[in-house]
Structure formats: structure tokens, C-alpha cells
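Chains as they are written, first to last, in this note's numbering: chain A, 1 to 345; chain B, 1001 to 1345; chain C, 2001 to 2345; chain D, 3001 to 3345.
Cβ atoms here follow ideal geometry from the backbone N, Cα and C, with glycine treated the same way.
1) Mind checking if residue 1100 of chain B is an interface residue toward chain D, Cβ cutoff 9 Å exclusive?
2) Shortest alpha-carbon distance to residue 65 of chain A belongs to which of A/220, A/25, A/145 and A/288?
3) Between the beta-carbon of residue 1002 of chain B and the beta-carbon of residue 190 of chain A, is there less than 9 Å?
4) Hey, is residue 233 of chain A's beta-carbon within less than 9 Å of any beta-carbon in chain D?
5) With a Cβ-Cβ cutoff of 9 Å, do residue 1296 of chain B and residue 166 of chain A count as a contact?
6) Does the region 2158-2176 of chain C touch the region 2237-2257 of chain C, meaning 3 or more C-beta pairs lie closer than 8 Å?
7) Tell me which residues of the region 2034-2052 of chain C have at least one Cβ-Cβ distance to chain D shorter than 7 Å, keeping chain order.
8) Quick check on this structure: which residue in D/3149, D/3022 and D/3224 has the alpha carbon closest to the alpha carbon of residue 3040 of chain D?
9) Can you list, in chain order, the residues of its chain with a C-beta nearer than 6 Å to that of residue 199 of chain A? Leave out the 5 residues immediately preceding and following it.
10) List the residues of chain C that residue 1106 of chain B touches, going by C-beta distances under 9 Å, in chain order.
11) Out of A/141, A/261, A/304 and A/225, state which residue places its alpha-carbon closest to the alpha-carbon of residue 83 of chain A.
12) Determine the chain A residues that contact residue 1242 of chain B at a beta-carbon separation under 9 Å, and present them in chain order.
13) What is the C-beta distance between residue 35 of chain A and residue 329 of chain A, in whole angstroms, given that I count them as a contact (C-beta under 8 Å)?
14) Given that residue 1097 of chain B touches chain C, what residues does it touch there, using C-beta distances under 7 Å?
15) Scan the region 3120-3150 of chain D for residues whose Cβ lies nearer than 7 Å to a Cβ of chain B and list them as they occur along the chain.
16) Scan the region 2287-2300 of chain C for residues whose Cβ lies nearer than 8 Å to a Cβ of chain B and list them as they occur along the chain.
17) To which residues of the same chain is residue 3047 of chain D closer than 7 Å at the C-beta, ignoring the five residues directly before and after it?
18) The alpha helix (DSSP H) spanning residue 2246 of chain C covers which residue range?
19) Which class does residue 102 of chain A belong to by DSSP, given the choice of helix, strand or coil?
20) How long is the line joining the alpha carbons of residue 1261 of chain B and residue 1161 of chain B, rounded to whole angstroms?
21) Suppose only complete runs of 3+ residues qualify. What are the beta strand (DSSP E) ranges in the region 2048-2119 of chain C, listed by chain order?
22) Cβ of residue 2228 of chain C less than 9 Å from any chain D Cβ?
23) May I ask you to list the residues that DSSP assigns as paired with residue 3195 of chain D?
24) Going by DSSP in three states, residue 2293 of chain C sits in which element: helix, strand or coil?
25) Using 8 Å as the cut-off, can you tell me whether the region 2261-2271 of chain C makes contact with the region 1115-1129 of chain B, which would need three or more C-beta pairs spanning the two stretches below that distance?
26) Classify residue 220 of chain A as buried or exposed, calling it buried when 16 or more other Cβ atoms lie within 10 Å of its own Cβ.
27) Comparing the C-beta of residue 3111 of chain D with each C-beta of chain B, is any distance below 9 Å?
28) Residue 2123 of chain C bridges to which residues according to DSSP?
29) Taking 9 Å as the threshold (beta carbon to beta carbon), is residue 2074 of chain C in contact with chain A?
30) Please tell me whether residue 1273 of chain B has its Cβ less than 9 Å away from any Cβ of chain C.
31) I'd like the span of the alpha helix (DSSP H) that includes residue 1150 of chain B, first residue to last.
32) Go through its chain and collect everything with a Cβ distance to residue 2214 of chain C's Cβ below 6 Å, but skip five positions before and after it.
33) Looking at the C-beta of residue 3103 of chain D, does it have a partner C-beta in chain B at a distance below 9 Å?
34) Considering only C-alpha positions, which residue in the set D/3017, D/3157, D/3278 and D/3254 is nearest to residue 3291 of chain D?
35) Taking 8 Å as the threshold, find out whether the region 2298-2305 of chain C comes into contact with the region 2123-2138 of chain C through three or more Cβ pairs.
36) Counting only beta-carbon separations shorter than 9 Å, does residue 2006 of chain C have a partner in chain D?
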């Protein structure tokens, strides 16, 4: 089949490739409709690796996908041919200790689409476990369904935060993950999100997502800003979504006593903390890794209209322009959030 | 001052009365603007008592109130003259063990407006502890601010439920408390609320509040209805807001494994449970009593637009028609939810 | 093989039977050493049924077992021949939604030893999934290992209670489950357990288990007793282990504000609650069903000496006296807690 | 009265001083019996300051105290003359937002004994709020009661950890706080504590406290050690009690997926974390500051024998040898844990 293949660093081709998949009794075969371009895909394209994961042989890109069920294995009960679906890109060992405890995202054996050497899904078809394939509500488009993957990251962060209704949240970093985290935080009960970034265009878009107060931290002190909003008390939750180690030294400054920091961004280098600053507020720090059991919840919120991801889908490319989509994503303008690729019907 | 006084059962008068209050250093004096009529006020009017609380001497009615600060005690820092405010009607002993543990609503010494022998606030002015008086955002009206009291009940229930983003909730009983609980549940992260009642007009109003699916349980089986919506899994949270002991025997039927029941309604008689039906799902049952630390959160959600109580304020009476307001509330038509009384400016 | 077979109500035979089991790659074959006699085994013996579960054909009894691994399937990694083990008697569908969420005990498809029509383990050998077979520490005897099953019920209850260090707990009902729940509550952080029962001999044994204060509720008022111990505050946690519907009406009386009731006992008929009595304390009520992920934790606490179940193993019978063991259990003297059957080596 | 006064750095005198206290209605006057020497007292002695807190005028030392009630204010109900008591050294503003939320330890207005400019209690008498004065069980000695203050730190850490029964904990640092944290962790449900330090004498003492496995991390790799104990899974909870920034880079290595790190030690400089190492395990990090609502719980556990602090009270000095006690504490031998000073009766 024709797929978007990363041959090596800087070398994307659309070409024929056989992923060599076979339908097992608990699998479904899916026609792919839409695939989002994620920062990790782009990073493999530009760097050929992410940490220990190195592209050593050609790999199909793409892991944020939606499509239509073409065939179901004989033990599959909750899906049928023709169902519109979205898929979790990570497949754990269902018998691992982590999976059995309900934390399958922490299973070290997880096989994740477009993480070497596992193929991604920028291709016409994929075979996938039905347990990680989810029916999409009728009123949710394929494009929105392909946003469930990044949204799930924000949802998982908001779930781990244990947001209480009426909380004030700060989201640091107005990239795609910061945006979905803001949406998730609001859906999870926050009364308002303070979005902190240094790019005005991104902040302007964030401000359209709901009760989001943008603050450009190039010009304003975040601690003071939040203090002024809260009579000196601080924010209940801070979501770190920038991945920048530079935010760490002052991370606890805008936090309320008894507040929570969720570390969503993944800084490549160690970060330096002032532990005592956290202790005097008894900050709880949650760290998150992908998501578990979140897809059905994200789809329910999209279906009911409690979350609207449409403003984040800023750019769409046809399959044959996939290389252009990646080149666009490499130099994404600040007014864009998410580029998606549509496969031919 | 002129106040709405319940002289005895069935006997409301607007007449002069001196509540005998004095401003302490941590108090504020408030001009009352709007007061909601609550079911408990009506019950004192029609029955002269609620359980052990008996109206033995004339008592001013009303406890859902908003107004404007007229004067502040010398130790008050967070309020000033002219501030628009809403007030918690219950004042605990701040030094009780329950208060110090952060559960002041469970302090048996709580003095609660319009609960005999404590006067309520259907009167021009009241003196109140500043710690239980909250500034109202500019974009929230006095009428909405007077809704914070009932909303706080729903918010407290939704908080205790520990709603996870994307949960499906069932609310049983589409009275005022069921309505605010539905709003709170959605704001707290539910993707959808199934509202169960037996009166079509109430269900019709509920369906306008957001992603609320009404179900008339005179005609439909709630367990089957929820099962069909959830592929047989059930609802994550059930809020019992009817107060009817009749719902208890089948209360756990629509619940998902590992789900939560929050018992908000206060049945006057013992209710009969099937414990094993709860156990096979490991149901968690939370019981709630009023609210604690909820007012600022409710105001934040009203101010940011995440909760909109305006559809629930269906009837407004001027102060001099207070008796008519109570008579109206006694026989409230099913299309009405909340009657409020406005005091002269 | 020779097994203890319940042919029908009142009819136990030791006779040859073929359970027809086959070793799968993820299974182990186990030589059974010790099997405890549980109230449910006894109930099948005396009544031929428990609720919907009816003994319609001969069934091997016994589900509290320990033994030695004889053979391991080819995919089994954490066990080897000769390992001393204890086994969970319930085997869920690992792919069910409940199992994947980490709540395998709530999977309706669970197959449970000695619950019709599933055979139990009063027999020389059994084949069992390795995932539900646990290595026993060297310093824990087979007799103690066979106590892990009932202990797991108490451990699960204490875990769900979310005991905080220093809590005071009340355990209602000094039967075997009440005893293991008291041990688990103390290990989980309680400073003291008040054990309530009406049989002095049971209370005397309970008092030997650690800081356990016995109270015979035939002579003493439990609410007053706990109130006197706590300056009127009440107990932090109440474990209902009697299964008696009669305790329900006053169940919340000894509870502290913000306290928790765990309903461990399984009353056969509906029980009647005073919901308002629970609400004014905002009681949290947890219901439990068997256990999940508890065996390794129970074994760790036995191995480290933090829990000692030896005082509860009061009576031991050889395999050939199994019928006598059951007849003894039917009329257990109040000084006995647990009878066990030892199989020939 | 004669008190142990730190005149300035390196200058302790026993001399007459008037702390100028007056009994308010909610206060008690206490005769001091025993006072522990804490690392912070010693630090003020040797350095004249801790961070922003500088000894600028003479200050009485000591904050770990027990004694006997001499006089009670007129509003005090739960204490009477002659009661043996222990006292929390920190007095918050009961009306602060933090206090009202139940987190009085996070109130920035806390006045803490022997933290400049507040006097400590190495003196015959003190006046203290009754709400922060706790009756000691008859079977708990004054020496043990004076250990409640440091024990409360460990108890608070174990409470925040939300230990589940059967957890394995690692405690890093076998100083006094590491020791009480190990005791608290075991009382809170841990099956075993792995105590990590680099001084064999401290580890030897730790090993006598219960199921504590000592490991000298000069010779052994902690990650490997814990991995070998847990079939590669890791520890459920890690308590960082060394205060050393050097432990941070490898802190998450011995942790299990989904595990918790509690940061008890207070490193004076920023520490450097590998966030991704925490994320792949979704580590939860709790930070703690002193304690709140813990004293009654610690006393209950001491009274019931669930915690035994006696092995930690290694050295006792009479009041007139207070200077010697401090000089001893400055160069504490590794076989000592806690020095206490006894006042004349």
C-alpha cells in the first residue's frame, strides 16, 4: 500500500510498503481517513530520533488517526464494519502488571505507532486491536476524531490534577498540548485558565477557546498577574506544557497553598527545582505519560459539545501533499496549531 | 425595620421587627437586594416546622440572599462599602473541631438563617461575618448571586462525587436542587447528564441547560435507558435529588461498576437499600450536608460563564408581594423553578 | 483424583472425580496443601445454594488454599516448580472492561472456586492461571497462606476505607471476617479497633489480636461507648462485618463527622437506613466485593510480621476427616474462628 | 524565669528572662517537663540563622516539649489542671484562609517556637493556646510525648503518601526525621521499609525499629537492591529525608510505576530532576511542610503501642546541662538519634 514513509532523517517519501499485518480474532481492520501531524512525527523527520528511539529503517509516520472499520475479527463485539472510529496509537501487553493494575500506559512493553521500529498510520489501512479502537459519535467529524489523541494528553493531565469545580488553572505554553490542556481543564471544572506564553498570536487564539485569560510573560510577571487575580492566594493548578527547563525555578510562584502542579511537557534535560518553595505550599506534583482509559471520555465530551477542538484544526493537507504538510509543520506559523492530512476516500 | 415575618404556621406578615444585631470587628452590614424562596422557607410556612426545628416565635424568613455592603467592621480586609455580595446563611463556630478540620458545615453549632430560632434575611439589612460574605463579579446580577446558595448545594455534591472528565451522570429529581446539581455536574466534568423525573415540563426545562438528556421514568425504565446509552456499562455517578425513599430500592441499577452515588435529597423517613446490589459494583455512596468552601468557586464559575443559572430564575416578586411569593411557591407550576423577591433599592 | 465433593445439600463425599483441567501456557499446576473452610462452603453444604448460585450437580468444595507448584506453563515467568504458593479463587476475563480498568473483581464473568458450577480445590491438584497464583514468603506457613483469602477481604475493606494513620475504627461482628478486618485495619494505620459483638468468647479472642477494645453490645450502647472514648467525636471508620440488617438503623451513630462506613457484610435482605443521620456527618459509605490486587500485599504483611493470622487458625482436620470438618464448622463453638483441612503430602 | 537563651550565634546561657505572656480565655499555662533538642535549634546555635530567620536578639530555644497543665483559661473545655500534655509549637491565625481550609500549617502568619523572633520553651513555664495543646495518654511518658513533634513530621509525610496496606517504602536518610518517618510509614500500612543511608551505625539502629531493611548506599546500588526485592517492580513510596540535593538525580530509579515520592527533607539549594524519568512512571511527588491535625493521631498510636519511639530517645540531659546538650547535639555520635533536656520538677 502507498504510505508516508520516513526513509531517514529529512527524507519523506510516499511509496509502496507492506506493513505485514494480519487480522487476529480481537483485531479490526480500519480504513484511515485523517491523520494529524504531531510534534514527535516532525522531530523524527528533522532529527531522525527522539532520545533512545532512533529511525534505523524506513518507518511510516503518523499516530493521530481516525477512520472507518472495514473488517472485524471474530471475537470483536463492540464494533462492526462501517463504524467511524479513532484509535489509541499505543498497544500495551494486556497481561503486564501495569496493564492489570489499570495503568497500561506505564507498561514498558507498549508498542506505539510511529515510534521506531513501529510503523505509523499515514497509509490507507491499518489492523489494530479492537480494545484500543473507539466508535466516534455521529456529530464528531473525522478531523475532530483525529484530534482525540492530543486531546487525550490534556484530558489525562486534567484528570490527574483532580480539578475541583471552580478551580483556577494556569497553563504554561500555548502550543498544541497547552491548547488541549486548557480545553480539558475547563471541561474538568476550572472556572478559568490563565494561559502563559511569549507569542501573542498563540495567546490570541487561546483566548478564543473559552474563559481563557492570556498573559504574555515576556511583558508580565506571572506570579504577580495571578496574585492580582486571586487576592494573593494563587492558582489551584498549574499545568506545565512548555517543556522548557527555564520555567522550573519559578514554577511554584503562582501556585496557591495546597495547590497542584502537573508536569505535562517533557524537558530533554534535567530541570532545577526549589524544593522548599514547593514545600511551604505543600505543592503536589503530578507527572503524566500519555494517557490511559481516556479515549471514550474525550469522545463523550466532544460528542456532547462540552469540548470543541475545531478552532485548533488550522491546516489541512491532502495525502499526496504529505511531505508539504511536514515541511509546513517544521516552520509552523504562530497562528497555526494543528495540521492534518486527509487520505483519499 | 420592615421584614417578612413568619408569625406562626400559615401566617406571614410584613411588619416592623428589630433583629437586635450589632457590628463586630469581623462583621459587615449589608443592604439586602434579592432573596430567593427556598423549599425550606415554604415548609416552615406550611408546616411550622422541619423535623426538630419548630417555629415557636416570630421568625424572619429567607436565606438565599445578595446585596451591597453598607459598613465594614474594623478587622475586615477583603470587603469595602459598596461591594456587591452574597452571603452563606450558615455561621459555624470557627473554633469547633469540625471547622478547624475544614468541615465547618458539619459543626453542630452552626446558626443558619431562617432556621428557628435564627432570623432570616427578608429585610432591608443584615449584619454578617465577613468571612461568610463574598464579593460578586461585576457581570453576575443580584438575582444570579442569590442563586449561589442553592447552586452551592449542587456544587458541593458534584465536588464530593469527584467527577472525572467525561463521566456520565444521572440526576434523579428535576426540582431546583436537581437542576443546580445538573449544572454543577456538567461544569465539574460530566459529558452529559441524564435527568430523571416524572413531570414532562420540568424535564423540558432541564433539557435546555446543556447536554442534558431527559427521561420520564413514568414511561421508561431508567436502568434500561442508561444501559442502552452505555453499551450496558452504566452511569459513573448518580445524584439522588428527589428526596423520595421510593428511589432507593433500584438506585444502584443504572450505576456502573466502581461508580458513585451522591445522596443529596433528604428523605424524611428511613430508606431501604439492597446492599448486595451496591457491593457487586463496589458503589461508593457519598452523603452531603449543605456545603463548605464552595461560594467562591460557584461565583467564579458564574463569573466566567461556565455555569448559567438564569434559566432557573423563573419568577420574581417585589418585596411588598412577599406573601404572594410564598403562596405561589406553595403551588409552584411545573414550569417554574425558583421564585425570588426583590427588595426596594 | 480423590476430592471433597458436595453431591447435593447435606451430602458431602470424598470420592474420585475428574475436574477435566488442562495446562495452558499461562497456567500452573499446583499440589494443594491446606484448604480453609469458609462460611460459603458451609452454606452450600447446609442450604445447597447461595442466592442465585445453586448446587445442581456434584461440586468440589473449598476455595481458601495454599500449595506447591508442580508444573508451569511455557509462558509463565514469575513461578517455578517447587514454589510454595497461594491462589486467588476468582478468575476474571482479563479482557473485560472491568479487568482492564483494574477492577477485575467486578467483572461479572468471574469464575470463582466452589461457586456453582465451578469446582473448588479440596483435592490433591489444581490447574490455575499463574497471574492469580502468588509465591509465599519462606517464613509464612501453608496454614497462614491459606488464610490469605479471607484476610484479603479485610485488607480490601481497609484499603477502600482509606484509613489515615491514627484513625479509630469500629468493627461490627467478631466472626472470621470481622477478625481479619480488625487485623487489616490495624495494619492499615488504625491506632485502635473497637470490636462490637454479642458473644463474649469471640470478643475475648479479638482482644488478643492487638490494640482491640472489645464491647459486648448486648450490655453496652456502642454510640455511648465510642463517644466516651473520643470526647464525643466518634470513630473515623466503621466496618460493618456482621451482615445483619439490624445494625443499619443505628450504624451511623458512633461515626465521626466526615467519617467512613465500609459495608463488608452481605445482608440477604434489604436494610433500612436513616439517610439524614448519614448526611449530617457527610458519611462516606464504601461497599466492597471480594478484593483485587490484594494478595501480594497481604503476603508482604504476613511475611514482615505486620499481620499475624495464627491466632485465628483454631482447628485443623486431616483430609480424610473433611466431612467432620464441615460438620464442625456448621456448629462452630464461639472459641473457634477458622477450621482448615490439610491434604496428605 | 530561668530559661535556655540563645544570646547570639555560639552563645547559649541559662539566665533569667521574662517572655511576657498573658493567659487569654482560650489559653493554658503549662509547666514544662521535657524538651527535645532539634536540628533547627542546633542550627540557630551554630549559624545564628536559618534562611531568612535570623537571631537578632536573645531567644529562648526549644520547641519539642511536654509538660503539665497549671492553669486553664475560662473558655477552655477539653483540658484541666494537672493534665499531662504535649504542644504544637506553631500557632497559626485561626481566621486565615489556609486555617479555615484545614491547612493551618500553610498559613504564612504561623508563629513557631524558637523561630526568630518567637521564644521557645526551654524554660519552666509557657502559655499556649489550648487548641494546640494535647492530652497525653497515661501510658506515654513525658519523654515520649516530647517526641510527638518530630514524629508528627513523619506521620504527616506518611499520611500525604496515602500509603496502601502492604506497600513497600524506601526512606532515604537515617537521621531523626528518617527514623520517625520509617516508624510512621510502618504504622501507616507499609509491609516493610528499606532504609538507605551511608552510616552503618544509624542503619543498625534503624533495623531495630521493625521490618526495616537497612542498605548502605556507599556499597550498594539502591535501584538494584529494590529491584531485586520486588521482581523488578520497584518501591511504592519513597520518602526523601536526607535533605541532600545529591539524591535528586536518581530519586525515581527505585520507584514503581504509579508510585509516590514524598519530599520531607529541605535542601537549602535547588535540586536537579530528570522529569522524564518521573513521567514514564507517572510519579506523584508530594511535598510536606511540618504537619496539621496530626498530634492527636500520633498520641493515639503511641498510646496503643502501634508506634514505639523509645529506641530513638538516646540521650537525656538535666536542664542545668542544657549547654552541654547543645554541644553534644552539634557533634552527635552516629549511635545517637535524639537528645532531650529534662526540666526540674
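Let's see:
1) yes
2) Ranking the options by Cα distance to residue 65 of chain A, first place goes to A/145.
3) no
4) yes
5) yes
6) yes
7) Residues of the region 2034-2052 of chain C with a Cβ closer than 7 Å to any Cβ of chain D: none.
8) D/3149
9) 334
10) Against chain C, the beta carbon of residue 1106 of chain B has neighbours under 9 Å at 2257, 2258, 2280, 2281 and 2282, listed in chain order.
11) A/141
12) Chain A residues near residue 1242 of chain B: none, gap ~22 Å exceeds 9 Å.
13) No, residue 35 of chain A and residue 329 of chain A are not in contact; Cβ-Cβ is about 12 Å, not under 8 Å.
14) 2233
15) Within the region 3120-3150 of chain D, contact with chain B at the beta-carbon level (separation under 7 Å) is assigned to 3131.
16) 2287, 2288 and 2289
17) 3009
18) Neither: residue 2246 of chain C is in no alpha helix (DSSP H) and is coded neither H nor E.
19) coil
20) For the pair residue 1261 of chain B and residue 1161 of chain B, the Cα-to-Cα distance works out to about 8 Å.
21) 2064-2072 and 2084-2087
22) No, residue 2228 of chain C does not count as interfacial toward chain D.
23) Residue 3195 of chain D is bridged to D/3171 and D/3214.
24) coil
25) no
26) exposed
27) no
28) None; residue 2123 of chain C has no bridge partner.
29) no
30) Residue 1273 of chain B counts as touching chain C.
31) 1148-1160
32) Same-chain partners within the cutoff: 2195, 2203, 2206 and 2207.
33) Under the Cβ distance rule, residue 3103 of chain D counts among the residues neighbouring chain B, one pair being separated by less than 9 Å.
34) D/3157
35) yes
36) no
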